[in-house]
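Residue numbers (full-length UniProt numbering): 1 to 923. Positions of the beta carbon are idealized from the N, C-alpha and C atoms, including for glycine.
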């Protein structure tokens, strides 16, 4: 379609390709390049286009339209006439080539005509056009040339069109994908990242692939409309959208409105409110009205308060109550003159049962009040919008009561004076809470070795005790009485006759003996023997203390159990050292710790065979270790990657310093370390089956319950050993248990304690394994052996469920919340009841209630010795199939699900066995 001359380069310049204007079928002039040297043999005529810029294309397409003369219509050209021509290309960075260098061109294809014309056709003005398309990969230079080679045909080039393909600009899943050039290869896909349209945000990274034919393929991810917007546009007045994840704009909930477009939340009507924790979809609500019918019942110094719920709950379900109380003290002269009383908050000793705030019930017992005192109790009804301010104060109701007289509190202190052989004088202070007028005191006393006692009464706070035996220890209790009765006896106080020395004021003395006393009536031989005995005992105590301290310092960093014997004339003292874990981070020089707890290995003894994984500090390989005089063993080798820092080196070697202190068949064994050459290495025994969780998932359902219990027994044995050494693992999970070829499970990965001590904040936020960690360790970082027991319960669940992920796809925050609310993992499929009960014991909220590893080990040993206790799983019991009905009595089944208290009720209703219990309905 170019109106002027193209002036493409031709070779030879004469007698070859010529630019000719001709008329097409519609008598419209067109430009062509023609050549027709069919009578001359060995033709080699070249025609080269101008320089064509690539414009970012990676694969270009050449469409050629041409006419070609049929050789059969040309007489006398046999052997010299051709009906094809060749297409070539050459890449170049700039247009500077004015000649054709044939050797620099690359052949694309030989082009043949589908249709040819004859002389008759030309006379009839019938133009038989051929159209051929070829594609060329061009990616190296800024542009290229095309060339056409004639080898003896009668041909005319009518049109040459050069183009490339793109995937056009498009919008998919609210993401814009730009116009994209296709790839260089016909089978290649170009990955394109989209950008979210206005007023939208990314849900998942939007991607599509541009195919070689210019079509978009495989949309992935996309965007979501921002709050206040939907695909149709902005949310209209009266509607809202609070988050991008919402499906669309929603109508404002009751008692709320929105006056503007694009609202993300609806405002509450006057007099209605929304709590901070309320979702935007929740209706606005009001504070509750006051509680009703508050009544009180006084019982000495306790008050029972009961009330009815408010008439109006405010449209919410989170109603709660709180109590406020004030006491009115006895008026002094100033207040009597003014006719007023002094009102003040109650003391902190007042007890509220079940609580003072956050009450869900409508009944509270208030105790530990003062006697003969006026109290005012205020009960507040609150809900989520009772915040004060615009929402208004909490609605209250009050009642005033006066407490009665009550028994006094305990006498807290008793002293002895004027002690002789047969008498002593006692004195004491008035109880902290007399609760009325003290009418008298009662003194109970008895010899410490006897339990028959005597009682004397007195109106004052002292008493003269007579008729006592000399050199005898007596126990005394004192209590006070008001008109309301006696209070509790004081704690026991011990005093001995013939001495004013107070021996003890401890509450419990079972099994103790009187202290040897020295006084009048004792002969000189007894006095000398007593003084000598006391002196010898003091010397022995001092010697033991000094030796123990020196031994403790010498033993502080030793890793072996030891025994020391010291002899002093006729006394022999034996001190047995207990093997306790030593933290390698207490050493100033980490090399000292590693050389004390780990054996150095010559690197020539290690033969690395293959890489089996990547660790935190470098590669993990398997190989063989051959030490002099020992057989060759397979080992795992951890190496420290090059370019490490001093901190990384210390952290890397610290794990070996920890492992080197352990020697147990269920703890991964350290073979040694390489520290005297690079790379640094830690060499451990090789565990063929890898981590326990992956191993169980690979062999799902292939083991018996006894085999699984055997694995759990091995883990418990290793953890008992660690707890006995006072070592807390902190990261016990199935992924950190390794399994060898004999299915022996061994505890490994002792790195988390290092991380937590190194950087507590970072460790807490990034490294604590929430799903395996006890609640107190998550909330307060209180890691103990009891928190390891919690983790062991999770490992039990992983083992029985063959590597299932604890709490499935719940996120960490949901897991924490569920555990706080009392949720515990249910029994895995086919899990025996006794094993799930053991898991639940490990997950007790109170860590003191959890079993120890010693108790867990004993229980598992019993199960292995008595496998008959394992067959009936909890899921089986819950549906009562015949196989389990035949093995369980009604009482056993009720005990297994914690409902044994209903045994008699069911029996009275005619359900005496599991067989007829099957007929029991929900009603």
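*Got a sec, what are the start and stop residues for the beta strand (DSSP E) residue 127 sits in?*
No beta strand (DSSP E) holds residue 127; DSSP gives it neither H nor E.
*Using the Cα positions of residue 295 and residue 399, report the straight-line distance between them to the nearest angstrom.*
7 Å
*Helix, strand or coil at residue 843 [DSSP, three-state]*: Note: residue 843 maps to coil in three-state DSSP.
*Pairing CB atoms from the segment 356-371 with CB atoms from the segment 416-431, are three or more of them under 8 Å?*
Counting Cβ pairs under 8 Å, fewer than three are found: no touch.
_For residue 22, report the span of its beta strand (DSSP E) as first-last._
18-23
*Endpoints, beta strand (DSSP E) assigned at residue 216*: 216-225
*Buried or exposed for residue 667, please, with buried defined as at least 16 other CB atoms from any protein chain shown within 10 angstroms of its CB.*
buried
*The beta strand (DSSP E) enclosing residue 109, as first and last residue numbers*: For residue 109, the uninterrupted beta strand (DSSP E) segment begins and ends at 106-112.
*Within the same chain, show all residues whose beta-carbon is closer than 6 Å to that of residue 249, passing over the 5 residues directly before and after it, in chain order.*
Once the five neighbours on either side are set aside, the close Cβ partners of residue 249 are 230, 235, 239, 241.
_For residue 646, three-class secondary structure by DSSP_ = Residue 646 falls in the helix class under three-state DSSP.
*Exposed or buried, residue 916, counting other C-beta atoms within 10 Å across all chains shown (16 or more means buried)?*
The residue in question, residue 916, is exposed, as its Cβ has fewer than 16 Cβ neighbours within 10 Å.
_In whole angstroms, give me the CA-to-CA distance for residue 479 and residue 538._
39 Å
_Run through the DSSP bridge pairs and tell me what residue 477 is partnered with._
DSSP links residue 477 through a beta bridge to 444.
_Exposed unless 16 or more other CB atoms sit within 10 angstroms - verdict on residue 854_ = exposed
*Assuming residue 839 and residue 909 make a contact with CB atoms under 8 Å, what is their CB distance in whole Å?*
The pair is not a contact, with the Cβ atoms about 33 Å apart (cut-off 8 Å).
*Please classify residue 354: does DSSP put it in a helix, a strand, or coil?*
coil
*Range covered by the beta strand (DSSP E) that runs through residue 299*: 292-299
*Determine the contact status of residue 473 and residue 494, defining contact as a CB-CB distance below 9 Å.*
Taking 9 Å as the Cβ cut-off, residue 473 and residue 494 qualify as a contacting pair.
*asked:* In the DSSP assignment, the alpha helix (DSSP H) including residue 855 goes from what residue to what residue?
replied: 853-865
*Could you pull out every unbroken beta strand (DSSP E) segment of at least 3 residues lying fully inside the segment 699-785, listed in chain order?*
737-739, 745-747
*Looking at the unbroken beta strand (DSSP E) that takes in residue 247, where does it start and where does it end?*
Careful: residue 247 lies outside any beta strand (DSSP E) and carries neither H nor E.
*With distances taken Cα to Cα, identify the nearest neighbour of residue 821 among 658, 843, 254.*
843
*Opening and closing residue of the alpha helix (DSSP H) in which residue 90 lies*: Note, residue 90: premise wrong, no alpha helix (DSSP H); beta strand (DSSP E) at 84-92.
*Using the C-alpha atoms, what's the distance from residue 581 back to residue 664?*
14 Å
*Assuming residue 32 and residue 158 make a contact with CB atoms under 8 Å, what is their CB distance in whole Å?*
Confirmed, Cβ separation roughly 6 Å.
*On a CA-only basis, which of 410, 456, 85, 832 is nearest residue 800? Give me that one, please.*
832
*How many angstroms separate the CA atom of residue 403 from the CA atom of residue 411?*
22 Å
*If you measure from the beta carbon of residue 489 to each beta carbon in chain B, is any gap under 9 Å?*
Looking for chain B here will not work: only one protein chain is present.
*Distance, residue 688 Cα to residue 964 Cα*: This structure cannot speak to residue 964, because the chain is shown only from 1 to 923.
_Given the structure, does residue 179 come close to the ligand GTP, in the sense that its CB is under 8 Å from one of the ligand's heavy atoms?_
No copy of the ligand GTP occurs in the structure displayed, which carries no ligand at all.
_Whether residue 769 touches residue 797 by CB criterion (9 Å)_ = no
*Shortest alpha-carbon distance to residue 49 belongs to which of 15, 69, 11?*
Checked all of 15, 69, 11; the closest Cα to residue 49 is 11.
*Spell out the partners DSSP gives residue 48 in its beta bridges.*
According to DSSP, which records beta bridges pairwise, residue 48 is partnered with 9, 147.
*Could you check how far apart the C-beta atoms of residue 620 and residue 636 are, in whole angstroms? I think they sit under 8 Å.*
6 Å
*Does the count of Cβ pairs from the segment 194-205 and the segment 85-103 closer than 8 Å reach three?*
no
*In the DSSP assignment, what are the bridge partners of residue 465?*
424
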